[in-house]
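Heads up: the structure comes next, in structure tokens.
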Amino acid sequence: MFEPGRPSVASAGAGLLLIGCLLVAPGHAADTGKGAPTASKSEETQVHIQRLERRIADLEALVGRLLGERRPAALAPAPPPVKATEAKPPAPRATSLAPASPSATDEWEEPVPRPETTRGRDEEARRRLTELETWKRRQDAKWAKEAEEAAEKVRFDFSGRYKVRLNARDNLDLGNAAQSWQFDDSVYFDQRFQLRIDAEYAPFTAVLVFDKGNFVFDWKEDSEGTLDRWSTFLTVNPALVRELYVQYTGDFVLKAGRHNMVVGNGGIVLEGPVDALKLTYPVGETPLGRMAAGAAYVAVAGGFKDYVEFRKTGPPAGDRSAVLGAQNHLHAGLLNLDVRPGRGLTLQPYLLKAFDTGQYGDPDLNLDKDFDVTTTPRDGDFEPMWLGVALSGKAGDLSYSGDLIYLGGTFTRSRDLSAYALMLRGDQRLGAVGPLASLSVGLEFGRGSGNTAEEKLSRTGDVNDFIGLFLCRERRKFGNIFSEDLRAGFFLADSSLANVTFLRAILDFEPVAHVKVNASVARLWTTEAVFRGWGPVGDWSRGASVTTSKTRDIGWEVDLNLDFPIRKRLRGFAELGYFIPGAVYRLARGGQPRPALEIVVGSEFEF
0 MFEPGRPSVA
10 SAGAGLLLIG
20 CLLVAPGHAA
30 DTGKGAPTAS
40 KSEETQVHIQ
50 RLERRIADLE
60 ALVGRLLGER
70 RPAALAPAPP
80 PVKATEAKPP
90 APRATSLAPA
100 SPSATDEWEE
110 PVPRPETTRG
120 RDEEARRRLT
130 ELETWKRRQD
140 AKWAKEAEEA
150 AEKVRFDFSG
160 RYKVRLNARD
170 NLDLGNAAQS
180 WQFDDSVYFD
190 QRFQLRIDAE
200 YAPFTAVLVF
210 DKGNFVFDWK
220 EDSEGTLDRW
230 STFLTVNPAL
240 VRELYVQYTG
250 DFVLKAGRHN
260 MVVGNGGIVL
270 EGPVDALKLT
280 YPVGETPLGR
290 MAAGAAYVAV
300 AGGFKDYVEF
310 RKTGPPAGDR
320 SAVLGAQNHL
330 HAGLLNLDVR
340 PGRGLTLQPY
350 LLKAFDTGQY
360 GDPDLNLDKD
370 FDVTTTPRDG
380 DFEPMWLGVA
390 LSGKAGDLSY
400 SGDLIYLGGT
410 FTRSRDLSAY
420 ALMLRGDQRL
430 GAVGPLASLS
440 VGLEFGRGSG
450 NTAEEKLSRT
460 GDVNDFIGLF
470 LCRERRKFGN
480 IFSEDLRAGF
490 FLADSSLANV
500 TFLRAILDFE
510 PVAHVKVNAS
520 VARLWTTEAV
530 FRGWGPVGDW
540 SRGASVTTSK
550 TRDIGWEVDL
560 NLDFPIRKRL
570 RGFAELGYFI
580 PGAVYRLARG
590 GQPRPALEIV
600 VGSEFEF
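Here it is as structure tokens:
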């Protein structure tokens, strides 16, 4: 029945018929183009239905995609014009003159899409953002409060180490009765314990280091001596407190108290625990590079109040308790720069000057190493001055260091100082070579000025034997015997480079992972010729010469060091030294002394 305002059923049917023809026609044409099928009628119908289902599924997917991308009608593009070949839908039989109702119009026409509101999502996002901001503010306030509370607290840090060694020594006195000591031919244990306490508050830091066994005052002068020997009770007097100082770190660094001070690359002029006031100021970038300047006052220790107790058991061994508590009246001032002109290069020029305010009767400095206050007495004019420059750097696989020092000033009222020292070292890293890992080769050269044999006898003229101001047992060493046992031990006004020239070849490698081997061979001479049997500077024979013939032959030294991990924080080590003495150490009865041998095996635990 015809209803005004609605499309007729015939019109709708014609539309459906047209769509069906479009869907069916291609498939049917494809089938008829192949000729008569051999399959049965039912099989053809089933194949045709499957093809129709696939086309309908494709059409549904296309319609769904188009509906998802639909736009408002005002923005939709105009429909393409109908081609002449296309069939036109039949016109309705009759139209109503009355306007169609909205419901009737929207039933068949495509509805105009309206954007959905996102107010709900915006409100949820705002709520979560507010929660996150609130949480962040609370965390920032909590962290700021914790940082403020931490800044008001004193933070402590404890660390330490314990070292135990087994020592085996043979002929370390080289057959010289004047240098004989009970530990030159013996096997014994010794130990060293160090405890460090750091306290930090704001820009201030306080450090206390207990070191039992580092300084032993009952030992052989001109020798390293031992640490804290086992099986001895109250026969050695260790300086228990090695460091005790307070440091301020801000725009500058100020350190006051007893602390370890190193000048240059260390071990030649000044190294060890001293009572000092040190100021370091970072200058910043300059035309010469990044620079820092420093100045320090040093109260120098090491003088004997008397030699009464010392001479009861020495020399060469003696009780050095007279050194403890002695007011030296010896001071020093230090000016230094730390310049870094480029990456991997550091230059450290410095000036160190000693000032002697003591007089006769004050602690004796033992400048002549004879433990006699009447010879070279204290006269208040021991005022040496060291002017030096130290460099260190790295260029690729090559690392290098060097020290050049001039020594001037006065030794006593009647003698001036005029000496020099030079030490150079270079190491080339080769990496893995065959079965050896971390292979490197190095060469070290050192030279210290000295007096001639005649000048040593007369004790007149300038003092040319190079000396340092104060050196502890961790001084610069170039071997396990000569620079550690034969030319070491005098803390004040002494040097292992005094009238010594040496050349040393060094080899480092790892035969197994984390096992480090260091081997070296050194040749040593005196810088100035001396009398045979005299020693490099005369204190070995205590001024007694057995012949007037001269020599420069100190000897050869071969060293082998091994370092290996045992477990975490525990390492083991072994040291071997073999020294072949030259004519400088000729025996008083004639002939060359036997070689000296030292073997040290031990372990060290760090915590």
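Those letters in the sequence shown? Residues 0 to 606, per numbering that gives the first Met the number 0, in order. Where a beta carbon is used, it is the ideal one built from N, C-alpha and C, also for glycine. Quick caveat, the model's predicted, so the values are computed rather than measured.
When the Cα atoms are used, what is the spatial distance from residue i to residue j?
{"i": "Ser437", "j": "Leu329", "result": "46 Å"}
{"i": "Leu470", "j": "Ser482", "result": "13 Å"}
{"i": "Leu406", "j": "Asn498", "result": "14 Å"}
{"i": "Arg339", "j": "Gly249", "result": "21 Å"}
{"i": "Gly532", "j": "Ala521", "result": "20 Å"}
{"i": "Glu147", "j": "Phe604", "result": "36 Å"}
{"i": "Asp156", "j": "Asn463", "result": "47 Å"}
{"i": "Ala291", "j": "Leu278", "result": "10 Å"}
{"i": "Ser495", "j": "Ile565", "result": "34 Å"}
{"i": "Lys211", "j": "Arg257", "result": "16 Å"}
{"i": "Arg570", "j": "Asp396", "result": "27 Å"}
{"i": "Ser519", "j": "Val245", "result": "40 Å"}
{"i": "Lys352", "j": "Ala300", "result": "15 Å"}
{"i": "Gly534", "j": "Leu586", "result": "11 Å"}
{"i": "Gln181", "j": "Pro315", "result": "10 Å"}
{"i": "Ser41", "j": "Glu52", "result": "17 Å"}
{"i": "Val557", "j": "Leu442", "result": "14 Å"}
{"i": "Thr312", "j": "Gly263", "result": "37 Å"}
{"i": "Arg64", "j": "Ala140", "result": "52 Å"}
{"i": "Pro592", "j": "Gly343", "result": "46 Å"}
{"i": "Asp189", "j": "Leu575", "result": "17 Å"}
{"i": "Arg160", "j": "Tyr577", "result": "28 Å"}
{"i": "Val268", "j": "Val511", "result": "37 Å"}
{"i": "Ala431", "j": "Leu559", "result": "20 Å"}
Taking its Cβ as the centre, do 16 or more other Cβ atoms sit within 10 Å of residue i, making it buried, or is it exposed?
{"i": "Gly608", "result": "Because residue 608 is not part of the residues shown, which for the chain are 0 to 606, the question remains open."}
{"i": "Thr44", "result": "exposed"}
{"i": "Lys144", "result": "exposed"}
{"i": "Phe489", "result": "buried"}
{"i": "Val297", "result": "buried"}
{"i": "Ser548", "result": "exposed"}
{"i": "Leu416", "result": "buried"}
{"i": "Gly478", "result": "buried"}
{"i": "Leu176", "result": "Contrary to the premise, residue 176 reads as Ala rather than Leu in this sequence. Result: exposed."}
{"i": "Gln193", "result": "buried"}
Strictly by DSSP, which residues pair up with residue i?
{"i": "Arg598", "result": "This sequence places Ile at residue 598; Arg is not what is there. Answer is Ala167 and Leu575, bridged to Ile598."}
{"i": "His330", "result": "Ala298 and Phe354"}
{"i": "Phe563", "result": "Gly571"}
{"i": "Gln347", "result": "Ala389"}
{"i": "Thr279", "result": "Val252 and Gly293"}
{"i": "Tyr584", "result": "Note: Tyr584 sits in no beta bridge, so no partner."}
{"i": "Pro202", "result": "According to DSSP, which records beta bridges pairwise, Pro202 is partnered with nothing at all."}
{"i": "Arg339", "result": "Arg289"}
{"i": "Trp524", "result": "Thr500 and Asp552"}
{"i": "His258", "result": "Val273"}
{"i": "Asn463", "result": "In DSSP, Asn463 forms no bridge with anything."}
{"i": "Ile505", "result": "Gly441 and Ser519"}
{"i": "Leu456", "result": "DSSP output for Leu456 lists no bridge partner at all."}
{"i": "Ala53", "result": "Sequence check: residue 53 is Arg here, not Ala. BP columns for Arg53 are empty, so no partner."}
Report, in whole angstroms, the separation of the C-beta atoms of residue i and residue j, which I expect to be a contact under 8 Å.
{"i": "Phe501", "j": "Leu523", "result": "5 Å"}
{"i": "Leu207", "j": "Glu242", "result": "7 Å"}
{"i": "Gly447", "j": "Thr526", "result": "6 Å"}
{"i": "Gly601", "j": "Phe572", "result": "6 Å"}
{"i": "Gly379", "j": "Thr356", "result": "7 Å"}
{"i": "Ala418", "j": "Phe465", "result": "4 Å"}
If you drop the 5 nearest sequence neighbours on each side, which residues of the same chain put their C-beta closer than 8 Å to that of residue i?
{"i": "Gly537", "result": "Lys455 and Val529"}
{"i": "Val186", "result": "Leu165, Asn166, Ala167 and Arg168"}
{"i": "Phe309", "result": "Phe303, Gly317, Asp318, Arg319, Ala321 and Phe370"}
Enumerate in chain order the residues of its own chain whose CB-to-CB distance from residue i is below 6 Å, with the five nearest sequence positions on each side excluded.
{"i": "Val388", "result": "Pro348 and Leu403"}
{"i": "Leu171", "result": "Asp183, Asp484 and Ala595"}
{"i": "Asp367", "result": "Thr374 and Thr375"}
{"i": "Tyr306", "result": "Phe370"}
{"i": "Ala325", "result": "Gly302, Lys304 and Pro362"}
{"i": "Ser158", "result": "Arg195"}
{"i": "Leu253", "result": "Tyr247 and Leu278"}
{"i": "Arg424", "result": "Ser400 and Glu443"}
{"i": "Gly174", "result": "Leu586 and Pro592"}
{"i": "Leu346", "result": "Val338 and Leu390"}
Within the same chain, show all residues whose beta-carbon is closer than 7 Å to that of residue i, passing over the 5 residues directly before and after it, in chain order.
{"i": "Val613", "result": "Given a span of 0 to 606 for the chain in the structure shown, any question on residue 613 remains unanswerable."}
{"i": "Ser439", "result": "Asp426, Gln427, Arg428, Leu429 and Asp507"}
{"i": "Ser200", "result": "Per the sequence shown, the amino acid found at residue 200 is Tyr instead of Ser. Cβ neighbours of Tyr200 beyond the five flanking positions: Val153."}
{"i": "Leu561", "result": "Val516, Phe572 and Ala573"}
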